[in-house]
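Under my numbering, the very last position in the sequence shown is 1210; numbers go up by exactly one each time.
We treat Cβ as the ideally placed atom computed from N, Cα and C, and that holds for glycine.
Computed from a predicted structure; not experimentally measured.
Input: a single structure, listed below in structure tokens.
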Amino acid sequence: MKKFNFRKVLDGLTASSPGSGSSSNSGGGAGSGSTHPAGTAGILREEIQETLTSDYFQICKTVRHGFPYQPTTLAFDPVQKILAIGTRSGAIRILGRPGVDCYCQHESGAAVLQLQFLINEGALVSASSDDTLHLWNLRQKKPAILHSLKFNRERITYCHLPFQSKWLYVGTERGNTHIVNIESFILSGYVIMWNKAIELSTKTHPGPVVHLSDSPRDEGKLLIGYENGTVVFWDLKSKRAELRVYYDEAIHSIDWHHEGKQFMCSHSDGSLTLWNLKSPTRPFQTTVPHGKSQREGRKPESCKPILKVEYKTCRNSEPFIIFSGGLSYDKACRRPSLTIMHGKAITVLEMDHPIVEFLTLCETPYPNEFQEPYAVAVLLEKDLIVVDLTQSNFPIFENPYPMDIHESPVTCTAYFADCPPDLILVLYSIGVKHKKQGYSNKEWPISGGAWNLGTQTYPEIIITGHADGSIKFWDASAITLQMLYKLKTSKVFEKQKVGEGKQTCEIVEEDPYAIQMIYWCPESRIFCVSGVSAYVIIYKFSRHEITTEIVSLEVRLQYDIEDIITPEPETSPPFPDLSSQLPSRSLSGSTNTVASEGVTKDSIPCLNVKTRPVRMPPGYQAELVIQLVWVDGEPPQQITSLAVSSAYGIVAFGNCNGLAVVDFIQKTVLLSMGTIDLYRSSDIYQRQPRSPRKNKQFIADNFCMRGLSNFYPDLTKRIRTSYQSLTELNDSPVPQELERCKSPTSDHVNGHCTSPTSQSCSSGKRLSSADVSKINRWGPGRPPFRKAQSAACMEISLPVTTEESRENSYNRSRSSSISSIDKDSKEAITALYFMESFARKNDSTISPCLFVGTSLGMVLIISLNLPSADEQRFTEPVMVLPSGTFLSLKGAVLTFSCMDRTGGLMQPPYEVWRDPNNIDENEKSWRRKLVMNCPSPSQEIGDHQYTIICSEKQAKVFSLPSQTCLYVHNITETSFILQADVVVMCNSACLACFCANGHIMIMSLPSLRPMLDVNYLPLTDMRIARTFCFTNEGQALYLVSPTEIQRLTYSQEMCDNLQDMLGDLFTPIETPEAQNRGFLKGLFGGSGQTFDREELFGEASAGKASRSLAQHIPGPGGIEGMKGAAGGVMGELTRARIALDERGQRLGELEEKTAGMMTSAEAFSKHAHELMLKYKDKKWYQF
28 MKKFNFRKVL DGLTASSPGS GSSSNSGGGA GSGSTHPAGT AGILREEIQE TLTSDYFQIC
88 KTVRHGFPYQ PTTLAFDPVQ KILAIGTRSG AIRILGRPGV DCYCQHESGA AVLQLQFLIN
148 EGALVSASSD DTLHLWNLRQ KKPAILHSLK FNRERITYCH LPFQSKWLYV GTERGNTHIV
208 NIESFILSGY VIMWNKAIEL STKTHPGPVV HLSDSPRDEG KLLIGYENGT VVFWDLKSKR
268 AELRVYYDEA IHSIDWHHEG KQFMCSHSDG SLTLWNLKSP TRPFQTTVPH GKSQREGRKP
328 ESCKPILKVE YKTCRNSEPF IIFSGGLSYD KACRRPSLTI MHGKAITVLE MDHPIVEFLT
388 LCETPYPNEF QEPYAVAVLL EKDLIVVDLT QSNFPIFENP YPMDIHESPV TCTAYFADCP
448 PDLILVLYSI GVKHKKQGYS NKEWPISGGA WNLGTQTYPE IIITGHADGS IKFWDASAIT
508 LQMLYKLKTS KVFEKQKVGE GKQTCEIVEE DPYAIQMIYW CPESRIFCVS GVSAYVIIYK
568 FSRHEITTEI VSLEVRLQYD IEDIITPEPE TSPPFPDLSS QLPSRSLSGS TNTVASEGVT
628 KDSIPCLNVK TRPVRMPPGY QAELVIQLVW VDGEPPQQIT SLAVSSAYGI VAFGNCNGLA
688 VVDFIQKTVL LSMGTIDLYR SSDIYQRQPR SPRKNKQFIA DNFCMRGLSN FYPDLTKRIR
748 TSYQSLTELN DSPVPQELER CKSPTSDHVN GHCTSPTSQS CSSGKRLSSA DVSKINRWGP
808 GRPPFRKAQS AACMEISLPV TTEESRENSY NRSRSSSISS IDKDSKEAIT ALYFMESFAR
868 KNDSTISPCL FVGTSLGMVL IISLNLPSAD EQRFTEPVMV LPSGTFLSLK GAVLTFSCMD
928 RTGGLMQPPY EVWRDPNNID ENEKSWRRKL VMNCPSPSQE IGDHQYTIIC SEKQAKVFSL
988 PSQTCLYVHN ITETSFILQA DVVVMCNSAC LACFCANGHI MIMSLPSLRP MLDVNYLPLT
1048 DMRIARTFCF TNEGQALYLV SPTEIQRLTY SQEMCDNLQD MLGDLFTPIE TPEAQNRGFL
1108 KGLFGGSGQT FDREELFGEA SAGKASRSLA QHIPGPGGIE GMKGAAGGVM GELTRARIAL
1168 DERGQRLGEL EEKTAGMMTS AEAFSKHAHE LMLKYKDKKW YQF
């Protein structure tokens, strides 16, 4: 008799708090909330001491990788050598040397119109589309806004900040020019009104200000360009226009010659005009670089607008004229280009994407010196390139930033932290051999900032799958990102000919190679992908190149539930006779043995695998290709779950039709079974068998979390995987057992044993999955019946029940919504997991198992019987059998994991990697080295393992082999979980969940106690749901935009150390000295007087600006803003001013004290003198 432990009962009642959620009885008798029964399960629970607390967790963003989405503007600091990019969403990316990559965001989200660095001051000015100026402090790891200035009555169009000046010129849409003090961010009373800048005789408005710049020759002169073609040379001191220039074409940009005597304009007709200040009536030179030559006296042919021009001079060569646009209109299909004119040579650089902006990188920050350009930074819509101007062929620099994440749209991601350290070096050594050539041999010119590795030392790898079928491996260690290796999965398939696509690949209309799911075992280096065209490819890693044929298998996986079937006599001969007549299918051939006749397609794959020998370079090499085929005119459904075990040599995948298990060592199909057949004769739903709908696609009713609906809106109706969240169902273990279904030996392919009710196949006769399915469908001499057909070998007749008895039997476990949904939806396989576990209730030993989770919340355990000897694994059959164990949860099952009795996370078994193509090793001495990760055997009777299962709605912890539900936690009632994973944090396991309502939740294991619940990111895009993933050590990531990956951490330790891991944007560098101009240049080259902007624009002379014109907004008042103000350039100036004020005040007090002492000293001297005169002539006796 077992002892009753009263304390354990109290513990169970305490754990059943309302915050823990509630659930109906399920599994092995779990109650509501978090409960556990007495007995061995209670002993198992009591032994585990959980170490994680809420203090270990905190959510914060770490770093953003990739190309800034929808860029708008560009800026460069020539002294600090850092680059800033503004975007349409209000984001700013600041880049320096590799590792220096900073992201900051305007709270308003308004598009960034222009960026201006305070050169070598550690500050940045941004102008946004909401007519607000912001001053950013860059002297800290995370930039912060110090000041903002909101214009209320005018729209900002252009800004200019002269070098080493604290006054910012701001042009507006009305044509006015305002001046802002950078230190105080207050508007000056000095305003250049448009009606004063142009001539009084002008009858039209000049348009918005499109350019502002001070003269390199005289800082007191300002060049103002208006959109309609008017240019005004304004004298700031005399407050009048010194000269005006008029042209009949609109102006897009202006740039000075460094001597300040000439300037160049670009126009809307594709022309460039060069103007001389001495003769402003007409342009000194007019050219249309890409226009066709015309007869003399005729105007050159108009071209596309030149959006920007830069005029840069060199000391020892001809000047550079660089511009974007200006191509001829007759070349409509020509790509966007950047033109470089150097002397008489004209070079046109065609770009892959439209040009947003470009900047010429020069040696000096001084505008009045020879510029000496050495590179051009070109910002494209989807790329950033830098052109080397020092070489005649103008090569581009190799970009060290991961700007090509979106080279093909990202369709799925995987994140691995603390992976084997040698993997990064191995992948890099393979990938570096395939890098593009032809880059400039010089170092990357954007080399500012400073960065060190920090305290984080464990290796991290990110894998991205793309729409073109490519896979990219990235080194993500120490919050950086660098591509290691690229794999193209499309190379295993034949290229589709014109017209073939609609005939064979109707499952998708474009991007048939798009990657849907990724499974990677870093220890064994086994890599597996599934594609949108219903295929699975298994790769093995090798350092040696091979040439071999690609082995392929075709699997017939169908949801074939027929109504009353009446076999015709001529189509149902005895089973042995028919099986002896069916041909076997070839391994590598992609031709179909069961060809479709007429219009109906059957047993046809979506893609054709290459049949000829293929050269496979070092790296990942295709081991096996598995394709689902058409069934009775219906295309195969897309794969919804995928799992691989290198130790077992088995891959399993499922979709909304059923489950397939394949032995990739012997290249055989072990199991191909419809989902309903996995329940066998005791289907807990007792669903009415029905015929599948012909020529119609299954459309998910809820979010399709693993499809491509967001990236490819036209494919939404093609995606047919369902993750519908349903209510909880009771477990119903099935007492009966079926015969094991054996795989054939290695010399036969795709064979299956016969039905338990039929005779076995004769020796040497093997059936394909398609053949067996047809045999099962038309069995010998059967009466009419209702059944769920299996694509594998087993025939199971379900009892025929009426609708009333079926509803009455399960009215407590099924809601009315299930009754309606069940008739129109299929039960998809949503999660798979290989593990050494207990397949059946009260098993005494562990065995290889496959956990199967479905979209209806059911969990089934498949038992795997593997040969005991390693040598027999290549020849002896593998047996696969549903164990009859059923567990249930609310909603679609998302993930599995196992823990041992001490609370340690059990890793699935794996095979230690060895090179399969290493010719140095003796084949006879080769043995598979397996790491099983099995729990230590114990003599105690009771449970020895935890199984953690998480679904869309709840999480449960079962103890095995008793299958007792110890803990239940209802995670959400109003939403559903998008992504869940069991991860390791501080050497302890926890469950991490990302919910559709934006909440990130962490629960300790095995008690499922909530550790963290933060409303982080509402689901606004399907892209986030498809790419969000957790990993160990408190890391996670998701695709925040089509071109950017956002990494975050939920670790308190990493949040605390994040400042040490980020790079420094500002490093103390001495500003280069200006060149000596010489006596003659100083005498005749311009004004020798120093221009005092403070005297001209200050409040004393210019007065105060109207308060209604602009509103000053102080920076954030939080701790970050205070740190920024204290450490930034403006903070330094403010602190210096305060120090000076304090010093002046102290000097004033000292002066007053000194004056008082002098006064008292004078009074004392006066009194002493009077006293001396008084007693001067008196004798001593007169006192």
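Just to confirm my understanding: we take residue i, look at its own chain, exclude 5 residues before and 5 after, and list those with CB closer than 7 Å. What are they?
i     : result
E337  : D282, I349 and T387
I577  : V519, S615, V636, K637, V641, A649 and V652
G256  : Y273, Y274, D275, E276, A277 and I278
P760  : A caution first: P760 carries a pLDDT of 39, below 50, which makes its placement in the model too unreliable to give a value.
D897  : R954 and R955
P346  : Y338, K339 and T340
D1040 : H1026 and M1028
State buried or exposed for residue i, treating a residue as buried only when at least 16 other CB atoms are found within 10 Å of its CB.
i     : result
T438  : buried
A477  : exposed
S228  : exposed
M1184 : exposed
I373  : exposed
L79   : buried
A541  : buried
E1097 : exposed
S1141 : The amino acid at residue 1141 is misidentified as Ser; the sequence shows Pro. Result: exposed.
D449  : exposed
E1100 : exposed
To which residues of the same chain is residue i closer than 6 Å at the C-beta, ignoring the five residues directly before and after it?
i     : result
A1007 : L921, T922, C977 and C1020
T999  : C1022
T484  : none
Q312  : L301
G198  : T184, Y185, T204, V236 and L239
S504  : P486 and E487
Taking only the alpha-carbon atoms, compute the straight-line gap between residue i and residue j and give it to the nearest angstrom.
i    : j     : result
E471 : C131  : In the sequence as presented, Glu is not what sits at residue 471; that position holds Trp. So the alpha carbons of these two residues sit roughly 23 Å apart.
Q664 : S699  : 14 Å
D927 : Y973  : 6 Å
L214 : I206  : 6 Å
S242 : L1092 : 30 Å
V315 : S1068 : 40 Å
Which class does residue i belong to by DSSP, given the choice of helix, strand or coil?
i     : result
N1042 : strand
I451  : helix
R642  : strand
K193  : coil
I213  : strand
W283  : strand
S517  : helix
Y647  : strand
F1124 : helix
I75   : coil
Q972  : strand
H1194 : helix
G48   : For G48, the predicted structure reports a pLDDT of 40, less than 50, and the residue's modelled location is therefore unreliable. A value from the coordinates is still provided. Coil, per DSSP.
F187  : This sequence places His at residue 187; Phe is not what is there. Strand, per DSSP.
Cβ atoms of residue j and residue i: under 9 Å apart, would you say?
i    : j    : result
H317 : S344 : no
R955 : V90  : no
M643 : E572 : yes
Y428 : I490 : no
I423 : D431 : no
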